[in-house]
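Undergrad: For reference, the structure I am asking about is given below.
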Amino acid sequence: MYEKLEQLSLRLSASYEDEDLEWRNSPFAWIKSRPSRQRGKIAEELVAGLCDVEGLRVARSPDSDADLLVEGVRVEVKSSTLWKNGRYKFQQLRDQNYEIAVCLGLSPSNAHCWALPKDVLLQNWDAGSPGIGSQHGGSAGTDTAWIDLDPLQPPPWMQPYGGSLEEGMVALCSFMDL
Numbered sequence: 586m587y588e589k590l591e592q593l594s595l596r597l598s599a600s601y602e603d604e605d606l607e608w609r610n611s612p613f614a615w616i617k618s619r620p621s622r623q624r625g626k627i628a629e630e631l632v633a634g635l636c637d638v639e640g641l642r643v644a645r646s647p648d649s650d651a652d653l654l655v656e657g658v659r660v661e662v663k664s665s666t667l668w669k670n671g672r673y674k675f676q677q678l679r680d681q682n683y684e685i686a687v688c689l690g691l692s693p694s695n696a697h698c699w700a701l702p703k704d705v706l707l708q709n710w711d712a713g714s715p716g717i718g719s720q721h722g723g724s725a726g727t728d729t730a731w732i733d734l735d736p737l738q739p740p741p742w743m744q745p746y747g748g749s750l751e752e753g754m755v756a757l758c759s760f761m762d763l
């Protein structure tokens, strides 16, 4: 019986492997195999590393309302790998004690970044702007938002705050009191 299960597994694995073929040679492929909670920690470490490369002082947040302190500014980090439909979904955005939400998007051969001021994020969520909506409870949901976007055509309200990885880091640096 085990042999039959093994054969079934091998047949099934081929169809699942084809789905992630584009990620096979990506430097980010290993991240997709990690549990979502661990992906969040990895994204925090990647953003902290990028800030360090830029010469910014980075520390862990002393509480769970933000992930990092970058030059003393409270930063929440959200990440997404590119979905099959070519979009990113940055999830679990909340009105907590942070000033900037950094959204790091990883695709097989590219990365995107937005550094969004929390007030801009909340204003657009409240206004029902394109690309942002309530994650739980439909339009009546008020505690958690998500951003759903095509990285090549982000909503207009996000465009001043990044796009490419470089533009996102420039936007993040612009909020630092240096």
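Numbering (the working numbering), first residue to last: 586 to 763.
Positions of the beta carbon are idealized from the N, C-alpha and C atoms, including for glycine.
Note that this is a predicted model, so its numbers are computed, not measured.
What residues in its chain sit with their C-beta under 6 Å from that of PHE613, if we drop five residues either side in the sequence?
TA: Cβ neighbours of PHE613 beyond the five flanking positions: LEU691.
Undergrad: Should LEU641 and LEU750 be called a contact, given that it needs their Cβ atoms to be closer than 9 Å?
TA: no
Undergrad: Candidates ASP605, GLU629 and ILE717: which alpha carbon is nearest SER618's?
TA: ASP605
Undergrad: If you reduce the DSSP assignment to three classes, tell me which class ASN709 lands in.
TA: Reduced to three states, the DSSP call for ASN709 is helix.
Undergrad: Which residues in the same chain have their Cβ closer than 6 Å to the Cβ of LEU595, if we skip the five residues on either side of it in sequence?
TA: There are no such residues.
Undergrad: According to DSSP, is ASP735 part of a helix, a strand, or is it coil?
TA: The answer is strand: DSSP assigns ASP735 an E or B state.
Undergrad: Please list, in chain order, all residues of the same chain as ASP637 whose beta carbon is under 8 Å from its beta carbon, the five residues on each side excluded.
TA: VAL643
Undergrad: Considering LYS617, what are the terminal residues of the alpha helix (DSSP H) in which it resides?
TA: 614 to 617
Undergrad: What are the start and end residues of the alpha helix (DSSP H) that includes SER759?
TA: 750 to 759
Undergrad: Just mark ALA700 as buried or exposed, buried being the case when its beta carbon has 16 or more other beta carbons within 10 Å.
TA: buried
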